[in-house]
Amino acid sequence: MSAVGYLSIVRSGANGKQLKAITDLIGEKELIARSIGTTSNLSKSYQTKRLSSTATDNLIDLLRVYIQAAKIYESFDLAKEWMRSSIPALGGEIPVNMIDSHAGREVVRQALRRMEFGEYV
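Residue numbers (this note's numbering): 146 to 266.
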């Protein structure tokens with residue numbers, strides 16, 4: 146996704162159908178709920194016309210981390226498996242437990258970039 150395309154989606158706000166599709170793809174409902182700033186059942190959020198720009202930004206950014214991992218592993222399923230594994234380069238942390246915040250996503254992105262350049266992570 147280009148930077149302009151990303152910005153356009155964030156500005157217009159993701160809708161409930163897009164939220165549901167991303168949730169189904171990633172499969173981490175609690176993570177997504179925390180990322181978009183809700184503690185309620187996501188079913189209610191699936192009915193929304195538009196998420197806020199902040200919630201959309203967090204949602205799309207979260208998806209981008211998964212896409213980055215999927216490119217490395219050439220499989221979305223393998224990427225999800227990596228995201229649920231204890232990673233020594235992250236101090237034994239599990240990436241999925243770190244990526245509900247921008248700072249956590251950036252730490253995981255850095256580990257993924259190192260992997261892209263052949264460093265063991």
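Note that the Cβ used here is the ideal one computed from N, Cα and C, for glycine as well.
Please confirm if the segment 181-193 is in contact with the segment 237-254, defined as three or more CB-CB distances below 8 Å between the two stretches.
no
Measure the C-alpha to C-alpha separation of Ser246 and Gly182 and round it to an integer number of angstroms.
Along the sequence shown, read from residue 1 onward, the residue named residue 246 stands at position 101. Along the sequence shown, read from residue 1 onward, the residue named residue 182 stands at position 37. If I take the Cα positions, the gap works out to 10 Å.
Here's the rule: buried if 16 or more other CB atoms are within 10 angstroms of the residue's CB, otherwise exposed. What is Ala248?
For the purposes of this step, residue 248 is identified with residue 103 of the sequence shown, where counting begins at 1. Exposed.
Along the alpha helix (DSSP H) that carries Glu261, what are the first and last residues, could you check?
Counting from 1 along the sequence shown, the entry for residue 261 is found at position 116. Element bounds for Glu261: 247-261.
Reduced DSSP secondary structure (H/G/I, E/B, other) of Ile181:
The residue you call residue 181 lines up with position 36 of the sequence shown. Reduced to three states, the DSSP call for Ile181 is coil.
Who are Glu173's beta bridge partners in DSSP?
As a working note, residue 173 is residue 28 in the sequence shown. Note: Glu173 sits in no beta bridge, so no partner.
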